[in-house]
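Using full-length UniProt numbering, the first residue of the sequence shown is number 1, and each one after it goes up by one. Beta carbons are placed, not taken as given, at the ideal position from N, Cα and C, and that holds for glycine.
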Amino acid sequence: MHILVATDADFVLDEILAALSGPDTSFTVCRNGRDVAGVIEARTPDLAILDLQIGSMGGMAVTMALRLDESAGRLPHVPVLMLLDRRADLHLAKRSAADGWVVKPLDALTLQLAVDRILHPPAPVDESAADSDGADGADREDSTEEEPATAG
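This is the structure:
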């Protein structure tokens, strides 16, 4: 697996590397948000982890630019995990079409779970299948949450 990490904070990079490093994982580090699209064009990662604040172009703006480039056919789809500074920033991640988000401070387990949920999403529930007792499933708990890969 190849992961692009976009952050200008060394402690954030250290936490990501410690949590996600492994024999089959490689990383590209981008210290400037404006360079992310070019880095993706040169070598498409399996996942991009974007810090909310990266110099003059943060994670929200980078994610929105990636989604625009993707819709125009200039870049492939790259799943994005956004690192938020506080829970109140959740709307920024949703608005930018990030695939998932984690609120800092980071911990290894939360980060690993968020990455796993983005790269291996749960199978969609077949709404047309009837329950074993013949019910139509209307009494099942609604699972249409807007937080696809939240953690923390």
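DSSP-derived helix/strand/coil call for residue i
i           : result
T28         : strand
L92         : helix
G100        : strand
residue 162 : Residue 162 falls outside the range modelled here, since the chain spans only 1 to 152, and no answer is possible.
I40         : helix
M82         : strand
D46         : coil
V5          : strand
D116        : helix
D51         : strand
A123        : coil
M60         : helix
L109        : helix
M18         : The question names Met, but residue 18 is Ala in the sequence shown. Note: A18 maps to helix in three-state DSSP.
L75         : coil
Same chain, Cβ closer than 7 Å to residue i, five either side skipped, listed in chain order
i   : result
R87 : V103
D69 : A37 and L75
P23 : none
Short Cβ contact (8 Å threshold) for residue i with residue j
i    : j   : result
C30  : A6  : yes
A114 : L81 : yes
L83  : V12 : yes
T28  : L50 : no
L52  : D85 : yes
A108 : T63 : no
Neighbourhood of residue i by C-beta, 6 Å cutoff - its chain only, sequence neighbours within 5 removed
i    : result
H2   : S26, P45 and D46
N32  : G55
G152 : Legend: pLDDT at G152 = 45, less than 50; position of this residue unreliable, no value from coordinates given.
R34  : M57
Other residues of its chain near residue i: CB distance less than 8 Å, five sequence neighbours each side excluded
i    : result
Q112 : A19 and L20
Whole-number beta carbon distance between residue j and residue i, since they are thought to touch under 8 Å
i    : j   : result
A37  : L66 : 7 Å
I118 : P76 : Actually they are not in contact, since the Cβ atoms of I118 and P76 sit about 15 Å apart, beyond 8 Å.
L106 : E15 : 5 Å
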